[in-house]
């Protein structure tokens, strides 16, 4: 991932679609990346109303995943908590 351009990988952690294991697998596939951002899903006006009803990962769970990803990418951060 040796680009001089600024970039980041980003995943919206949508309930019932993205799991902790998925996030770790993504982290392994982008190992060495400069930045990986986990975005908490924010309920709102969506086509699939089930997304607003499913249980989201808690802030603590997202931070635990971030900590596990820290060894794979240079920077891992969480947004929308």
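In my numbering, the protein residues as written are 3 to 83. All residues carry an ideal CB built from backbone N, CA and C; glycine is no exception.
In the three-state reduction of the DSSP assignment, residue 63 falls in the helix class. Taking residue 18 as the centre and dropping the five residues before and after it, the same chain places the C-beta of 56 closer than 6 angstroms to its C-beta, in chain order. Shown here, residue 68 sits in a helix according to DSSP, grouped into three states. Look at residue 40 here: in three-state DSSP terms it is strand.
Residues of the same chain with a CB within less than 7 angstroms of the CB of residue 65, apart from the 5 flanking positions on each side, are 80 in chain order. Rounded to whole angstroms, the Cβ separation of residue 40 and residue 53 is 16 angstroms, and the two are not in contact under 8 angstroms. In this structure, DSSP gives residue 22 a helical state, which the three-state scheme calls helix.
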